[in-house]
Amino acid sequence: IISGESEEESNGVNLMEFSDEILLHILSYVPCTDLVLNVRRTCRKLATLCLDKSLTHTVLLQKDYKVNKDKVKQLMRDIGKEIYQLNMAGCYWLPSSTIDHVTRCKNLVKLNLSGCHVTSLRLSKMLSTLQHLRSLAIDVNPGFDASQLSSECKATLSRVLELKQTLYTPSYGVVPCCTSLEKLLLYFEILDRSREGFMLSGQLMVGESNVPHYQNLRVFYARLAPGYVNQEVVRLYLAVLSDRTPENLHAFLISAPGSFAETGATKNLLDSMARNVRLDALQLPKAWINGSGLLQHLKFNNPFYFSFSRCTLSGGHLIQRVINGGKDLKSLTSLNLSGCVHCLAPESLFRKAEDDIDSSILENLVVSCCNLRHLNLSAAHHHSSESIGSHLCQLLSRLKHLLSLALPVCSITDVAANVEKPPTASNLVPQTFGRKVRIGIQTYPRNLADQANQKIESSVFWALMGSLRFLETLEVIGSSFSSAMPRNEPAIRNSLPPCVRAQSVGDSEVAAISQLTYLQSLTLAQLPNILTGSGLINIGLQCQHLRTLSLANLGMMGKVVYISALMDMLKHCKCLRDLRLEQPYFCAGAQFFQALSHCSSLQRLCIVSRSGTLQSDAVMSFMANCLEVIMCHMFMGESLTVCKNLQQSIVRSFQADRPALNVVIFPLLHEDLTEVIRDVPMRHLDEITLFKSRVAEEPPNLWW
Numbered sequence: 001i002i003s004g005e006s007e008e009e010s011n012g013v014n015l016m017e018f019s020d021e022i023l024l025h026i027l028s029y030v031p032c033t034d035l036v037l038n039v040r041r042t043c044r045k046l047a048t049l050c051l052d053k054s055l056t057h058t059v060l061l062q063k064d065y066k067v068n069k070d071k072v073k074q075l076m077r078d079i080g081k082e083i084y085q086l087n088m089a090g091c092y093w094l095p096s097s098t099i100d101h102v103t104r105c106k107n108l109v110k111l112n113l114s115g116c117h118v119t120s121l122r123l124s125k126m127l128s129t130l131q132h133l134r135s136l137a138i139d140v141n142p143g144f145d146a147s148q149l150s151s152e153c154k155a156t157l158s159r160v161l162e163l164k165q166t167l168y169t170p171s172y173g174v175v176p177c178c179t180s181l182e183k184l185l186l187y188f189e190i191l192d193r194s195r196e197g198f199m200l201s202g203q204l205m206v207g208e209s210n211v212p213h214y215q216n217l218r219v220f221y222a223r224l225a226p227g228y229v230n231q232e233v234v235r236l237y238l239a240v241l242s243d244r245t246p247e248n249l250h251a252f253l254i255s256a257p258g259s260f261a262e263t264g265a266t267k268n269l270l271d272s273m274a275r276n277v278r279l280d281a282l283q284l285p286k287a288w289i290n291g292s293g294l295l296q297h298l299k300f301n302n303p304f305y306f307s308f309s310r311c312t313l314s315g316g317h318l319i320q321r322v323i324n325g326g327k328d329l330k331s332l333t334s335l336n337l338s339g340c341v342h343c344l345a346p347e348s349l350f351r352k353a354e355d356d357i358d359s360s361i362l363e364n365l366v367v368s369c370c371n372l373r374h375l376n377l378s379a380a381h382h383h384s385s386e387s388i389g390s391h392l393c394q395l396l397s398r399l400k401h402l403l404s405l406a407l408p409v410c411s412i413t414d415v416a417a418n419v420e421k422p423p424t425a426s427n428l429v430p431q432t433f434g435r436k437v438r439i440g441i442q443t444y445p446r447n448l449a450d451q452a453n454q455k456i457e458s459s460v461f462w463a464l465m466g467s468l469r470f471l472e473t474l475e476v477i478g479s480s481f482s483s484a485m486p487r488n489e490p491a492i493r494n495s496l497p498p499c500v501r502a503q504s505v506g507d508s509e510v511a512a513i514s515q516l517t518y519l520q521s522l523t524l525a526q527l528p529n530i531l532t533g534s535g536l537i538n539i540g541l542q543c544q545h546l547r548t549l550s551l552a553n554l555g556m557m558g559k560v561v562y563i564s565a566l567m568d569m570l571k572h573c574k575c576l577r578d579l580r581l582e583q584p585y586f587c588a589g590a591q592f593f594q595a596l597s598h599c600s601s602l603q604r605l606c607i608v609s610r611s612g613t614l615q616s617d618a619v620m621s622f623m624a625n626c627l628e629v630i631m632c633h634m635f636m637g638e639s640l641t642v643c644k645n646l647q648q649s650i651v652r653s654f655q656a657d658r659p660a661l662n663v664v665i666f667p668l669l670h671e672d673l674t675e676v677i678r679d680v681p682m683r684h685l686d687e688i689t690l691f692k693s694r695v696a697e698e699p700p701n702l703w704w
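Numbering (full-length UniProt numbering), first residue to last: 1 to 704.
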């Protein structure tokens, strides 16, 4: 700042002459550690402004990957008493002793330590000094012992109103101590087997001292990772709710993959909820909704979030029981119908998943829920009719407030074009992994004007993208797509072919996305008609706010046809922070990494490629050039020796200067992959390494 003053004065502008209000707004974009430890030492005016309450009241360290133990120690020493909200979520690289310095923050009201290493003794010592704490987020790891919590710690916990608890071991954690809870968020990440291979039990000690207190509860949220132990443990948490449902409960949400059977206790809980509470947010396991009349009896107040993910709920039931004929749904801002294959059809009894939708149901939904900001329709075949009603894209274009949208690939195709267009060469090529597929590649124009002139300014998807100008997150995912990256099981070796309706979706549709000027996150998966990837270049040029990009199985499976366009695109992505690529036979070579080096803001890279190859020298050069990269995950077809040697080289060369560096390079089809996955920090695993639809996955603003 000082070095630039002379130049600024010569141009008639001096940053220090701006008003305090403008300077404070500018400084709010600077990480707090830089403000306190660096910027405030530049001049007297900034020394005062950097300690303004508006900048020190809330300290966010959760993605400050350059922060280390010494910086945290100095930060707490300088402004600890001024901090009221501290977010250290996902700071997995900080040693557990770092938590000791939080005790200086005597006035803390909110504290997020999810993903941090905290023992029960350290937690007890810290919480004993935080008498004003009302919101807490922690992890419960193996070895946690609630009996080690002091009486002062328990007194603090008794005043906590909001608790977020991530469980890696069967335990009640600190829930029984939190007797005033109004919001409880539980994340179950317990594995069925220990590292030694022993089966774990979900049984907990039951007694008067460790029974949760839910009498004041307003929000209950539980998200389960795959595994039967997680289901066993969450049932114990729910047992108390089934005995007495809190009168003020207004949000009840359980996200459970696979089959999570309803029991007598859960049925009693749902019956009690139907009688005694009015909800604003609802999500239930599919087995609890399918075939039951539950939705008909539940009462809603001013609902803002619904998730019926993977349920067999028909459109008729959706309209009658949830939308209630269009009444009282203006408050709904987030709706998740992912995997709800019959939700846009009047009934599901004799319907095939690939049959056409009833556009009147979607139209009713759009009219009733006109203020939707987040909508997920992925993982289903939503085929618009050739002759009856409006196209799905035309109806969605009425939702002018949308910020995030997830659609299946087959839903965006023009019906008339799909019927009249003769099969192209790419349509006739079998979607297999074979290397010997050879076809002529049509030459596509690479600039936006030619693309528009050649094809589809008049298409329904082009019009949809043009109408959703403020969209920030877009996912277009093949209805039959499944990632090769496992969670708790071996890597998937085969994938299902794309939907027939999706066969014509390719470069022109991708080019249409470039109209989204404010796009920040883009996911494209299983677009079979990608021939050159030319639309990606348009996105790179036009979507300058893009921060997250995920591409999977684009074009032919036996050849990466879009690599040249992708490299051209990356040269323009100056704000890109997260890149995930999943494509068989991907070659991560020198040219690719040279193009990727133009992404100066890149922090996290994940490549998943069956039979893929990499060049170790190119990876090392990329890591040396891109100083912000702190996560490098590659699951390829290389040998274990090659992977281990490269991983060790990266760690040795860059760990000292990048404390948060996390490197995993491993053969995708190796039998020990699941053991490697379990050591990946949850922040990276959940946000980028594992593929999933994230639109409307949780209610907005679920946690601060």
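Built from N, CA and C at the ideal position, the CB exists for glycine as well.
Predicted model, so just to flag it, every value in this text is computed and none were measured.
Determine the closest residue to residue i out of the options, with distance taken between C-alpha atoms.
i	options	result
Ser331	Glu354, Gln320, Asp355, Val367	Val367
Thr548	Ser397, Asp100, Phe666, Thr689	Thr689
Asn301	Phe308, Ala379, Leu329	Leu329
Gly90	Gly115, Lys71, Cys105	Gly115
Gln655	Glu628, Val642, Leu673	Glu628
Glu697	Gln503, Val36, Gln603, Ser404	Ser404
Gly316	Ser307, Phe306, Phe308, Leu344	Leu344
Leu61	Ser601, Lys45, Asn87	Asn87
His213	Cys177, Met620, Gly202	Cys177
Lys73	Thr33, Leu181, Gln131, Leu217	Thr33
Ser514	Ala502, Ile539, Leu531	Ile539
His25	Asn38, Leu55, Ala47, Arg40	Leu55
Leu602	Asn625, Tyr585, Val608, Cys587	Asn625
Leu161	Thr58, Tyr518, Ser180	Ser180
Cys311	Leu554, Ile289, Ala484	Ile289
Near residue i, what residues of its chain come up, given a Cβ to Cβ distance below 6 Å and the 5 sequence neighbours on each side ignored?
i	result
Ser550	Thr523, Arg580
Ala256	Leu224, Pro285
Gly637	Ser611, Gly612
Ser459	Asp414
Arg683	Gly90, Gly115
Leu669	Ala491
For residue i and residue j, which I take to be in contact (beta-carbon distance under 8 Å), what is that distance rounded to the nearest angstrom?
i	j	result
Phe188	Asn230	4 Å
Val510	Val409	In fact, because the Cβ distance is near 11 Å, the residues do not count as touching under 8 Å.
Ser359	Leu395	7 Å
Gly80	Arg104	3 Å
Cys573	Leu546	6 Å
Ser616	Leu646	5 Å
Leu121	Ala137	19 Å between Cβ atoms; not a contact.
Leu673	Pro486	7 Å
Phe260	Ala287	6 Å
Phe592	Ile563	7 Å
Is it the case that the Cβ atoms of residue i and residue j are separated by a distance below 8 Å?
i	j	result
Ala406	Gly478	no
Leu536	Leu496	no
Ser649	Pro667	no
Ser384	Asp356	yes
Ser313	Cys393	Ser is not the amino acid found at residue 313; the sequence shown has Leu there. Contact: no.
Leu163	Leu127	no
Ile323	Leu377	no
Leu335	Trp703	no
Ile677	Met634	no
Going along the chain, which residues of its own chain have a beta-carbon closer than 8 Å to the beta-carbon of residue i, five neighbours each way excluded?
i	result
Ala353	Val341, His342, Ala380, His381
Lys53	Glu82
His250	Arg218, Val219, Val277, Arg278, Leu279, Asp280, Ala281, Asn301
Determine, using beta carbons only, whether residue i comes closer than 8 Å to chain B.
i	result
Ala565	Of the protein chains in this structure there is only one, and it is not chain B.
For residue i, which residues from the same chain have a beta carbon less than 7 Å from its beta carbon, with the 5 sequence-adjacent residues on both sides left out?
i	result
Ser124	Gln148, Leu149, Ser150, Cys153
Val36	Cys50, Leu75, Asp78, Ile79
Ser194	Leu200
Asp192	Met199, Leu200, Gly227, Tyr228, Val229
Thr129	Thr103, Lys106
Phe18	none
If you measure from the CB of residue i, is any heavy atom of the ligand NAD nearer than 7 Å?
i	result
Asp100	Ligands are entirely absent from the displayed structure, and the ligand NAD is therefore not among its contents.
### Query
Does the stretch 58-74 touch the stretch 658-675, meaning 3 or more C-beta pairs lie closer than 8 Å?
yes
#### Entry: Given 8 Å, three or more beta-carbon pairs between the stretch 260-276 and the stretch 293-309
Because the criterion of three Cβ pairs below 8 Å is met, the stretch 260-276 and the stretch 293-309 touch.
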